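Take the sequence shown: its letter number 497 is residue 497 in full-length UniProt numbering, and every next letter is one higher. Idealized CB from N, CA, C, for every residue including glycine. These numbers were taken from a predicted model, which means no experiment stands behind them.
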Amino acid sequence: MSKDKYFIIDFDSTFTKVEALDELGELSLEGDPQKESILQQVKELTDSAMAGQSSFAEGLRKRLDLLKAHQKHLPQLINVLQDKVSQSVRRNKAFLEEYSDQIYIVSSGFKEFITPIVTQYGIKEENIYANTFKLDDNGNIIGFDEKNVLCLDKGKIKLLEQLALSGDVYVIGDGYTDYEIKEAGLANKFYAFTENISRDSVLAKAEHVAPSLDEFLYQNKLPMAISYPKNRISVLLLENIHPRAVEMFRHEGYQVETIAGALSEEELCEKIQNVSILGIRSKTHVTRKVLEHANRLMSVGAFCIGTNQIDLDACLEAGVTVFNAPYSNTRSVVEMAIGEIIMLSRGIVDKSSKMHESTWDKSATGSYEVRDKKLGIVGYGNIGAQLSVLAEAMGMVVYYYDVVEKLQLGNARKCDTLRELLEKADFVTLHVDGRPENKNIFGAQEFAAMKDGAIFLNLSRGHVVDIEALVESLKSGKLRGAAVDVFPQEPATNSEPFVSELRGLPNVILTPHIGGSTSEAQMNIANFVPNRIMDYINSGNTYQSVNFPNIQLPELKNAHRLIHIHQNVPGVLADINNVLAKNQVNILGQYLKTNEHVGYVITDVNKKYDKQLVNDMRGVPHTIKFRMLY
């Protein structure tokens, strides 16, 4: 560790996400009818001083006069600030502790609240330089120690002159007063810290920008908590993915780009370059050709249930994890199926259409309750199983058929063959997955096997039903009605026309692939998928990945985590351990999971290792990808 480097770190809006005096005002002005107005004045004074547009000393006096704070507010303020330490600072506590002799907190704030915060992160108390409050006999804060150079204009310059640090000095801060240290020739580099706030006047002067402490450490080859800065992870989200996902990725520090519609293969080949995370829904196809253009892709998120639009094998071969949302929109699809069953049984769609055309058709003919009717569910997965519970609660008799043995819920009855189900059911609803072998599994023979006057629903995948056979069954009267939410060919955007032979048929409900399109479902998906992806990137967890060997890892503590993805051939684990032994690395824990094509080895090692280890791990034969977490 070099002893000739010093790191000067600001406190307000750098070490913490906020300006401490603003937070103090929230406490001291509680109940004051002028609170919002006063806080706005305080903020304007702060911004003006930090942008170098006004006298710092004069602004500090004015702010304290406006706040009317008391000594009793300080413990409350400390509690608030403890929860508002910058995320990248929290992540890199180990760096702050390791370099504690060389790190100085230099702030125009106040020691009374700064010291309790920063010392929790290994900062030495003797390396904290800040102002101190002046109190009256009643504990009111009435000013500050005016002998302290940090209360003066250009106070940080005066302090650095006094410190006379002999070595390279790096300043990290968000304000103009931090830049002035470099301008005065007292620092080698100034990094404008923009994780919490970005000031144009400061950025205009800064030669270097640090969107996070991770980025600063990365640029200067210093030890950091993650293998690379999060702002270097780029996310591309397509097809109007819920804003909550955008918010979550950006909060994590990732760079996010959104595109409203789907992209063609050629368009995606162009956009995928330098993308780390790709988020799609059902219309964008991730093909082998797309993956050949993906030079940095780590993970694909399917913000839906199905993944048949993704070449899972090609992703696996490329070391790209795929995550979906298998449960998040289950309830939404089930509710829609229940609603359509009732509407079709009562002929509500046709009666509603007639009403809009001024026709009053009050008749019970062809209108039936669903109670005591037989519901046949083809595909007894998450959706099929929950549908059976709700249907049974309405008094329906439920039958199900699945190619995989499934435990029935409630009083649902299992059918040994599809034909057995079709011959029994008054309603048949499909809830199968989109695997290629399911194409046209429901065609003329299956419709012929159904009861006369039965009703058919498909809310699963468009290509599993022979549309011509369905149309013929409806026109002939074999089927009394149908509801279809998915189609073999669907418009890529809302501006494209929908073309189908099903249009215009009586007692047929057509919906534009909206089974899972509810606010609740989209919010659930937007929470679930980013969390799985971020957990993979941050810890190596592949739990619930649809293509990777699933591993649920313990929390990484005081160690490095080596993540090695390789072709599943004999001897790779031995080669990995030989590399570790050759580099004299102490293994703290090792986890292995394989599938037919890929092996996934995670090794937690002692923090002491030679840098050659990384090159040697990447050189292990049959390696697909290797990365390290700190």
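Check: Ala-20, DSSP secondary structure in three states; Outcome: helix
Check: Neighbourhood of Ala-337 by C-beta distance below 7 Å, restricted to the same chain and skipping five residues each side; Outcome: Leu-387, Thr-429, Leu-457, Leu-459
Check: Gly-155, DSSP secondary structure in three states; Outcome: helix
Check: Environment of Phe-442 [buried if 16+ CB atoms lie within 10 Å]; Outcome: buried
Check: Local conformation of Thr-119 per DSSP, three classes; Outcome: helix
Check: Own chain, CB closer than 8 Å to His-208, minus 5 neighbours either side, in chain order; Outcome: Lys-189, Phe-190, Tyr-191, Ala-192, Gln-219
Check: Per-residue DSSP class, three states only, for Ser-28; Outcome: helix
Check: Contact check, Asn-329 vs Ala-302, beta carbons under 8 Å; Outcome: no
Check: Pair within 8 Å by beta-carbon distance, Leu-278 and Val-300; Outcome: yes
Check: Under 8 Å between C-beta atoms of Ser-107 and Asp-12; Outcome: yes
Check: Buried versus exposed, by CB contacts within 10 Å (16 or more), Ala-581; Outcome: exposed
Check: Straight-line gap, Asp-137 to Asp-145 (C-alpha atoms, nearest Å); Outcome: 16 Å
Check: Chain-order list of residues whose beta-carbon lies under 6 Å from that of Ser-2 (same chain, five-residue window excluded); Outcome: Low confidence applies to Ser-2: its pLDDT is 44, below 50, so where it sits in the model is not reliable enough to give any reading.
Check: Span of the beta strand (DSSP E) around Gly-143; Outcome: 141–144
Check: Counted within 10 angstroms of its Cβ, other Cβ atoms place Asn-524 as buried (16 or more) or exposed; Outcome: buried
Check: Residue 686, buried or exposed, once every other Cβ within 10 Å from all chains shown has been counted against 16; Outcome: Because the chain in this structure spans residues 1 to 630, residue 686 falls outside the shown range and cannot be described.
Check: Beta-carbon separation (whole angstroms), Ser-234 vs Asn-274, contact threshold 8 Å; Outcome: 6 Å
Check: Check whether Lys-374 and Ala-449 have beta carbons under 8 Å apart; Outcome: no
Check: Ordered list of alpha helix (DSSP H) runs contained in the region 568–629, each at least 4 residues; Outcome: 572–582, 612–618
Check: Alpha-carbon spacing of Phe-7 relative to Ile-157, whole angstroms; Outcome: 15 Å
Check: Cβ neighbours of Gly-347 in the same chain (closer than 8 Å, five flanking residues each side left out); Outcome: Gly-366, Ser-367, Gly-481, Asn-507
Check: Endpoints, alpha helix (DSSP H) assigned at Phe-216; Outcome: 213–219
Check: Helix, strand or coil at Val-290 according to DSSP, with G and I counted as helix; Outcome: helix
Check: With 16 other Cβ atoms within 10 Å as the buried cut-off, status of Asp-311; Outcome: buried
Check: Cα-Cα separation, Tyr-176 to Arg-281; Outcome: 45 Å
Check: Pairwise C-alpha distance: Val-464 and Glu-437; Outcome: 9 Å
Check: Whether residue 632 touches Ala-444 by CB criterion (8 Å); Outcome: No answer is possible for residue 632: it lies beyond the span of the chain, which begins at 1 and ends at 630.
Check: Cα-Cα separation, Asn-568 to Ile-272; Outcome: 27 Å
Check: 8 Å Cβ cutoff met for Leu-422 and Gly-376; Outcome: yes
Check: Gln-255 versus Arg-232: straight-line alpha-carbon distance, rounded; Outcome: 7 Å
Check: Length at least 3, wholly inside the region 250–312: the beta strand (DSSP E) runs in chain order; Outcome: 255–258, 277–280, 299–302
Check: Per DSSP, the bridge partner or partners of Asn-131; Outcome: Phe-110
Check: Rounded C-alpha distance that separates Glu-490 from Lys-283; Outcome: 8 Å
Check: Phe-7 - partner residues in DSSP beta bridges; Outcome: Ile-103, Tyr-170
Check: Sequence-distant residues of its chain with Cβ nearer than 8 Å to Ser-545 (five each side left out); Outcome: Thr-321, Val-322, Phe-323, Arg-532, Tyr-536
Check: For His-560, three-class secondary structure by DSSP; Outcome: strand
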